[in-house]
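Asker:
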Amino acid sequence: MSTTLSRQRPQCSSVYGPVKSWRFGRSLGIDPIGSVSTCSFSCVYCQLGKIQHMTTERQVFVPTSQILDDLRAIMPLQQTDVVTLSGSGEPTLALNLEKILAVVKKVTRLPTVVLTNSTLLHDATVRSALKLADTVAAKLDAISSNQLQQINRPVATINLPGILEGIEQFRQEYQGHLAIQTMVLSSWTPDMLEDYIQILQRLKPDEIQLNIPSRPRVLVRQLEARGNDNLQSPPYLFQNLKCVSTDILASLATQIHDAINIPVNYPAMSL
Ligand code: SF4
């Protein structure tokens, strides 16, 4: 798809991009959440800014028929590698997740990716819907309850043991590519690294993605922040977050890879 076409698309479309992703290539975004940012977390680094509606309650936010119409309006696709469900919050909160994935696969015939914060993986209906995705990238930023509160700031009913049990259960059932995505916000102590490696041994992902908050964080809700593409100067108030150096990421990646022999990817290079 050309940039020109994407600019002509109505801003309220549930389809955006494609945006360049170091993890997935040129990624067409599907937003199953819509105008009000909605998530079970309110991460300190979230590019959407402060989450407007924090919940664990699933509902239909954007009708599947609207997503189908928005997708058909931009066909045929060009220069797109994958279709990613993410957008304005946590995609597994969308009750029509399975239908959306089915529609996306049928219309685009491209690999599908779901970026999830892992908080609803304890729900068998969510796990079942996610089986339609070719890749699921499950967030795991915290290795202690204290970190969960500080980094992800979840709704009160969410806790780290529940998140880990959900990912573990999903791994047992899911045949697709499971990536654990971890935002690295500072250097880790040796104890933190050891705890992280132990958790990964339990979760058995196919890949580990170490990430940094390279996208600007909006200060006031903007729908277009869902797809901001490493913009240097977005046309709204934003904050650039401090990122750890590539050397720190590289060192972590090497130690993790050496310990468990699972591919570790991070911006700039991979192991
Ligand atoms: S889980 Fe994702 S959408 Fe939700 S607050 Fe964190 S970064 Fe934002």
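The numbering used here applies: residue -7 is where the sequence shown begins, and numbers increase by one. Quick reminder that beta carbons are idealized off the backbone N, C-alpha and C, glycines included.
#1: Does the ligand SF4 have even one heavy atom less than 7 Å from the beta-carbon of I59?
#2: Please list, in chain order, all residues of the same chain as E157 whose beta carbon is under 8 Å from its beta carbon, the five residues on each side excluded.
#3: For L40, verify whether its CB is less than 7 Å away from any heavy atom of the ligand SF4.
#4: Report yes if the CB atom of I254 is closer than 8 Å to the CB atom of I204, and no otherwise.
#5: At a threshold of 7 Å, does N232 count as lining the ligand SF4 (C-beta to nearest heavy atom)?
#6: Can you determine whether any heavy atom of the ligand SF4 sits closer than 7 Å to the C-beta of F33, and answer yes or no?
#7: Around the C-beta of R163, are 16 or more other C-beta atoms found within 10 angstroms, so that it is buried, or is it exposed?
#8: When every heavy atom of the ligand SF4 is checked, does at least one fall within less than 7 Å of the C-beta of N257?
#9: Select from T30, S32, Q141, Y37 the residue whose C-alpha is nearest the C-alpha of C300.
#10: Do W157 and the ligand SF4 come close, with the Cβ less than 7 Å from some heavy atom?
#11: In this structure, what does DSSP give as the bridge partners for H45?
#12: With distance defined between alpha-carbon atoms, name the residue in V7, V11, T72, S6 nearest to R207.
#13: Thinking C-alpha only, which one of H169, S80, S5 is nearest L40?
#14: Can you look up A171 in the DSSP assignment and give me helix, strand or coil?
#15: On a Cα-Cα basis, can you pick out the residue from A251, V52, L170 that is closest to A125?
#16: Return yes when at least one heavy atom of the ligand SF4 lies under 7 Å from the C-beta of I22, else no.
#17: How about L202 and A245: do their beta carbons lie closer than 8 Å?
#18: Between V105 and G17, what straight-line distance do the alpha-carbon atoms span, to the nearest angstrom?
#19: Tell me the DSSP bridge mates of I22?
#20: Please list the terminal residues of the continuous beta strand (DSSP E) segment that includes A148.
#21: From the DSSP output, read off the bridge partner residues of S243.
#22: Compute the distance between the beta-carbons of T100 and L69, then report whether it is under 8 Å.
#23: Within this structure, are the beta carbons of T108 and V128 separated by less than 8 Å?
#24: Would you kindly check if the distance between the Cβ of T30 and the Cβ of T47 is under 8 Å?
#25: Can you determine whether any heavy atom of the ligand SF4 sits closer than 7 Å to the C-beta of N109, and answer yes or no?
#26: At a cut-off of 7 Å, is K98 close to the ligand FAD when judged by its beta-carbon and the heavy atoms of the ligand?
#27: Taking the beta carbon of E82 as the centre, do at least 16 other beta carbons fall within 10 Å, making it buried, or is it exposed?
#28: CB of G154 to nearest heavy atom of the ligand SF4: below 7 Å?
#29: Bridge partners for E199 per DSSP, in chain order?
Answerer: Once the coordinates are examined:
#1: Against the sequence shown, residue 59 aligns to sequence position 67. Not under cutoff, so the answer is no.
#2: Along the sequence shown, one-based indexing puts residue 157 at 165. Scanning its chain for C-beta atoms nearer than 8 Å, with the 5 sequence neighbours on each side dropped, one finds around E157 the residues H114, in chain order.
#3: The count along the sequence shown starts at 1 and reaches residue 40 at position 48. Checking every heavy atom of the ligand SF4 against the Cβ of L40, one is found closer than 7 Å.
#4: Taking the sequence shown and counting its residues from 1, one reaches residue 254 at position 262. Taking the sequence shown and counting its residues from 1, one reaches residue 204 at position 212. In this structure, I204 does not lie closer than 8 Å to I254 by Cβ.
#5: Here residue 232 is taken as the residue at index 240 of the sequence shown, counted from 1. For N232, the shortest separation between its Cβ and any heavy atom of the ligand SF4 does not lie below 7 Å.
#6: Within the sequence shown, numbered from 1, the residue matching residue 33 stands at position 41. For F33, the shortest C-beta to heavy atom distance toward the ligand SF4 is below 7 Å.
#7: Translated into positions along the sequence shown, residue 163 becomes position 171. Counting Cβ neighbours within 10 Å, R163 comes out buried, since at least 16 surround it.
#8: For this step, residue 257 is matched to residue 265 along the sequence shown. Not so, every heavy atom of the ligand SF4 lies at least 7 Å from the Cβ.
#9: Beyond the ends of the chain as shown, which are -7 and 263, falls residue 300; an answer cannot be given.
#10: If you number the sequence shown from 1, residue 157 lands on position 165. Per the sequence presented here, residue 157 reads as Glu, with Trp not at that position. Checking every heavy atom of the ligand SF4 against the Cβ of E157, none is found closer than 7 Å.
#11: The residue you call residue 45 lines up with position 53 of the sequence shown. DSSP lists T30 as partners of H45.
#12: Along the sequence shown, read from residue 1 onward, the residue named residue 207 stands at position 215. Closest in C-alpha terms to R207, from the list V7, V11, T72, S6, comes V11.
#13: In the sequence shown, counting from the first residue as 1, residue 40 sits at position 48. Of H169, S80, S5, the smallest CA-CA separation from L40 is found for S80.
#14: Along the sequence shown, one-based indexing puts residue 171 at 179. Of the three classes helix, strand and coil, the one that applies to A171 here is strand, per DSSP.
#15: In the sequence shown, residue 125 corresponds to position 133, counting from 1. The alpha carbon of A125 has as its nearest neighbour, out of A251, V52, L170, the alpha carbon of L170.
#16: Against the sequence shown, residue 22 aligns to sequence position 30. No; taking the cut-off as 7 Å, the Cβ of I22 has no heavy atom of the ligand SF4 nearer than that.
#17: In the sequence shown, the residue the question calls residue 202 occupies position 210. In the sequence shown, the residue the question calls residue 245 occupies position 253. Judged by beta-carbon spacing, A245 lies within the 8 Å limit of L202, meaning their Cβ atoms are closer than that value.
#18: Position 113 of the sequence shown holds residue 105. Position 25 of the sequence shown holds residue 17. Looking at the two C-alpha atoms, the distance is approximately 11 Å.
#19: As a first step, residue 22 must be located in the sequence shown, where it is residue number 30. I22 pairs with V7, L77.
#20: On the sequence shown, residue 148 is found 156 positions in, with the first residue counted as 1. Note, A148: premise wrong, no beta strand (DSSP E); not H, not E.
#21: Residue mapping note: residue 243 aligns to position 251 of the sequence shown, counting from 1. According to DSSP, S243 shares a beta bridge with no other residue.
#22: Within the sequence shown, the letter at position 108 stands for residue 100. Within the sequence shown, the letter at position 77 stands for residue 69. Yes. Within cutoff.
#23: Along the sequence shown, one-based indexing puts residue 108 at 116. Along the sequence shown, one-based indexing puts residue 128 at 136. Against a cut-off of 8 Å, the Cβ pair of V128 and T108 comes out as a contact.
#24: By one-based count along the sequence shown, residue 47 stands at place 55. By one-based count along the sequence shown, residue 30 stands at place 38. The Cβ atoms of T47 and T30 lie closer than 8 Å to each other.
#25: Counting from 1 along the sequence shown, the entry for residue 109 is found at position 117. Yes.
#26: With respect to the ligand FAD, the structure offers nothing, as its ligand set consists of the ligand SF4.
#27: The count along the sequence shown starts at 1 and reaches residue 82 at position 90. Counting of Cβ neighbours within 10 angstroms places E82 among the buried residues, the total reaching 16 or more.
#28: By one-based count along the sequence shown, residue 154 stands at place 162. Checking the Cβ of G154 against the ligand SF4 gives no.
#29: Against the sequence shown, residue 199 aligns to sequence position 207. E199 is bridged by DSSP to A171.
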